[in-house]
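What follows is a single structure, written as structure tokens, with notes after it.
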Amino acid sequence: MSAKIYIPGDAGSVALGADKVACRMAETIAALGVEAQIIRNGSRGLYWLEPMVEVETEKGRVAYGPVKPSDVDKLLDGGLLDGADHPLCLGLTEEIPFLKRQTRLTFARCGITDPLSVSDYRNHGGLAGLENALGMKPQDIVAQVTDSGLRGRGGAGFPTGIKWKTVLEAQGPQKYIVCNADEGDSGTFADRMIMEGDPFVVIEGMVIAGIATGATKGYVYLRSEYPHAIRVMDRAVEIAREHNILGASVLGSDHAFDMEIRVGAGAYVCGEETALLESLEGRRGVVRAKPPLPAHKGFLGRPTVVNNVISLASVPVIMEKGAEFYRDFGMGRSRGTIPVQIAGNVKHGGLFEAAFGMTLGELVDDIAGGTASGRPVKAVQVGGPLGAYFPRELFDTPFDYEAFAGKDGLIGHAGIVVFDDTADMLKQARFAFEFCAVESCGKCTPCRIGSTRGVEVADNIRAGTDTENQITLMTDLCNTMKFGSLCALGGFTPYPVMSALTHFPEDFRPAPMSQAAE
Ligand SMILES: Cc1cc2nc3c(=O)[nH]c(=O)nc-3n(C[C@H](O)[C@H](O)[C@H](O)COP(=O)(O)O)c2cc1C
Ligand code: SF4
């Protein structure tokens with residue numbers, strides 16, 4: 052039997068040199084006449100170790116990383132194919148603490164299987180959820196998803212089962228499933244990783260959503276900045292059609308479901324579900340007033356489920372193992388697991404899937420290993436560009452939707468971005484306003500005008516003119532934006548601004564003159 056060598060082909064690993072490592076590996080095994088097969092898997096999500104090469108051995112997979120093309124010859128010489136020891140050897144992959152401590156339900160196959168192999172997918176539990184769903188009534192599928200406690204992973208945390216029930220009960224000649232793969236939040240990459248590493252789980256989740264709600268057509272709205280994911284998803288859809296996972300008769304049943312990949316044009320606001328639908332219909336991405344909800348009048352005015360990639364990708368395991376199994380993980384009203392994306396100034400950046408309930412401090416100090424710079428952590432922004440900055444005093448906050456809301460923060464798409472003590476929080480507050488000004492769709496005044504006024508106020512504070520009045524003005528402006536904006540872009544920009552001001556007030560006031568200056 053030929054040896055199996057796994058080298059990730061996802062965009063993150065490729066950016067770190069995985070293609071070059073794979074080329075070098077192919078050349079060298081050909082030159083040596085070694086029987087070995089290179090599989091381009093998804094990333095395991097340990098990005099500080101990418102490109103991470105794995106080989107299958109009798110004991111299990113053994114990992115090496117981060118591997119450079121210049122390491123390849125020596126690794127092969129030194130017995131890579133037998134999992135031999137080497138300075139780059141990380142031991143058995145499953146025993147690497149960052150991976151071992153995770154509970155991978157949604158990402159169970161990511162980095163393990165060949166992303167485009169249906170047989171690999173099936174052999175690792177894929178399609179079992181869909182097969183179960185095909186034997187159930189739509190109402191029962193919806194009930195299972197509701198009972199699992201799954202809440203939308205795109206940002207708002209809305210219960211997925213309730214959204215599906217609304218679409219199931221809505222009347223219309225055609226219903227749609229739209230997968231939101233716009234993934235615009237800073238420091239997030241879970242959607243990309245799963246689309247590139249396990250695309251069939253997204254497709255399976257969409258088909259189950261279709262059967263549950265009576266929708267026969269789906270779209271993935273995928274950001275143009277993800278060319279690798281677009282390529283993998285396009286190919287996966289073709290393969291799924293060839294295997295009757297998609298088409299007129301899903302797995303030989305009397306259910307029909309087909310889908311397409313649509314590419315966005317690069318606007319943060321197009322991740323907002325109604326702006327996304329405008330864009331999907333060929334118009335400029337401008338937010339629609341609600342009601343009507345997309346569940347009643349969505350794509351082309353028809354009942355539409357809009358769900359995040361991870362929400363949909365979490366459905367197959369729920370349908371395979373049952374609502375109770377999934378609901379058993381987590382805390383409070385946050386059930387199941389959450390793939391946290393650790394980014395910014397950290398030693399160990401990557402994807403960490405765990406049951407809800409881990410504290411922010413555990414994630415930052417322990418799992419992420421503190422800052423890459425070695426300096427103290429000053430702040431952590433949780434939940435993307437509209438998320439609050441958390442100081443160390445709030446590190447005991449558990450990952451739980453309600454707990455974060457209770458601290459004037461949000462989990463959002465579960466991205467955390469870490470900053471060390473050199474961060475200037477006034478600059479970050481200014482950035483939040485500037486981001487909002489650049490990305491605003493322009494439909495409502497508090498966001499369109501308020502964001503630009505916010506940049507000016509931040510500049511006045513920086514200039515040190517009339518500081519206290521300007522800080523009062525900034526607070527007033529935030530209240531106006533929070534309560535007067537039509538969508539969360541304008542409505543949540545106050546979170547990063549006010550958290551910076553509340554937790555780091557010293558960054559907003561001129562430094563006292565030093566003795567020498569006096
Ligand atoms: C400005 C803005 C940007 C958003 N961007 C995204 C995004 O990139 N991906 C996403 O899934 N949801 C995004 N959302 C949330 C969506 O509007 C919507 O709540 C989500 O797609 C619903 O899916 P879920 O219930 O599965 O989370 C955004 C919301 C706002 C206000
Ligand atoms: S808050 Fe901003 S992005 Fe949202 S509708 Fe208003 S102008 Fe558009």
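Here our numbering runs 51 ahead of the position in the sequence shown, where the first position is 1. Just so you know, even glycine gets a beta-carbon here, dropped at the ideal spot from N, CA and C. Please read all numbers here as calculations on a predicted model, not as lab measurements.
Cβ shell of residue i (< 7 Å), same chain only, five flanking positions each side left out
i, result
"A480", "A509, P547, V548, A551, L552"
"A567", "At A567, the pLDDT of 44 sits below 50, so the modelled position is not reliable; the number obtained from the coordinates is stated separately. No residues qualify anywhere along the chain."
"A374", "Q195, D198, S199"
"Y98", "G63, G400, G401"
"S362", "L201, G203, R204, G205, T211"
"E569", "For E569, the predicted structure reports a pLDDT of 42, less than 50, and the residue's modelled location is therefore unreliable. A value from the coordinates is still provided. Within the same chain, E569 has no close Cβ partners at all."
"T518", "I512, R560, P561"
"V338", "V320, E323, T325, A326, C492, K494, L537, C538"
Cβ-Cβ separation, residue j to residue i (assumed contact under 8 Å), whole Å
i, j, result
"K125", "V356", "Actually they are not in contact, since the Cβ atoms of K125 and V356 sit about 52 Å apart, beyond 8 Å."
"V469", "V431", "5 Å"
"E490", "Y319", "4 Å"
"C495", "L537", "4 Å"
Proximity test, Cβ basis, 8 Å: residue i and chain D
i, result
"D416", "The displayed structure is made up of one protein chain only, and chain D is not part of it."
Closest by C-alpha distance to residue i, when choosing among the options
i, options, result
"R75", "L97, P102, A62, G421", "P102"
"I147", "G111, V123, D128", "G111"
"G420", "D471, V489, R204", "D471"
"M382", "F407, K398, N358", "F407"
"I163", "G84, I58, G505", "I58"
"R386", "R204, I522, M187, Y272", "R204"
"D61", "M246, G235, T239, A232", "M246"
"I192", "L143, V360, T264", "T264"
"R560", "C487, T526, Q521, L328", "Q521"
"M370", "G256, D133, Q153", "G256"
"S274", "R504, S424, N511, V360", "For the record, residue 274 in the displayed sequence is Arg; it is not Ser. Nearest option by C-alpha distance: V360."
"K268", "I500, P354, T154, S304", "P354"
"T154", "R426, F380, A514", "F380"
"T473", "A82, D558, T531, P545", "D558"
Close-in-space but distant-in-sequence residues of the same chain around residue i (CB under 8 Å, 5 per side omitted)
i, result
"A539", "G206, A207, E323, L437"
"K458", "A439, F441, L445, T448"
"T526", "M549, L552"
"T422", "N396, V397, K398, V428, V469, D471"
Contact set for residue i: own chain, Cβ-Cβ below 6 Å, skip 5 residues either direction
i, result
"L156", "V368, T388"
"R341", "In the sequence on display, residue 341 carries Lys and not Arg. Around K341: no qualifying Cβ."
"T410", "D447, P449"
"G129", "A135, H137"
"G535", "P497"
"N511", "Q521"
"F555", "M476"
"F209", "G203"
"G505", "F484, L528"
"V104", "I58, Y115, V118"
Distance CB(residue i)-CB(residue j) smaller than 8 Å
i, j, result
"I462", "A394", "no"
"R160", "D249", "yes"
"T211", "N92", "no"
"K55", "E107", "yes"
"L327", "Y277", "no"
"A73", "I80", "no"
"I296", "I254", "yes"
"P120", "L67", "no"
"D285", "G298", "no"
"G177", "F251", "yes"
"S502", "A488", "yes"
"V229", "Y172", "no"
"D133", "H464", "no"
"Y227", "A287", "no"
Opening and closing residue of the alpha helix (DSSP H) in which residue i lies
i, result
"T79", "69-83"
"C538", "Where C538 is concerned, there is no enclosing alpha helix (DSSP H), given that its DSSP letter is neither H nor E."
"V169", "169-174"
"Q195", "189-199"
"P148", "148-151"
"A287", "278-293"
Opening and closing residue of the beta strand (DSSP E) in which residue i lies
i, result
"P390", "388-395"
"L143", "140-143"
"Y452", "Counting along the chain, Y452 falls outside any beta strand (DSSP E), though it belongs to the alpha helix (DSSP H) covering 452-457."
"D472", "No beta strand (DSSP E) holds D472; DSSP gives it neither H nor E."
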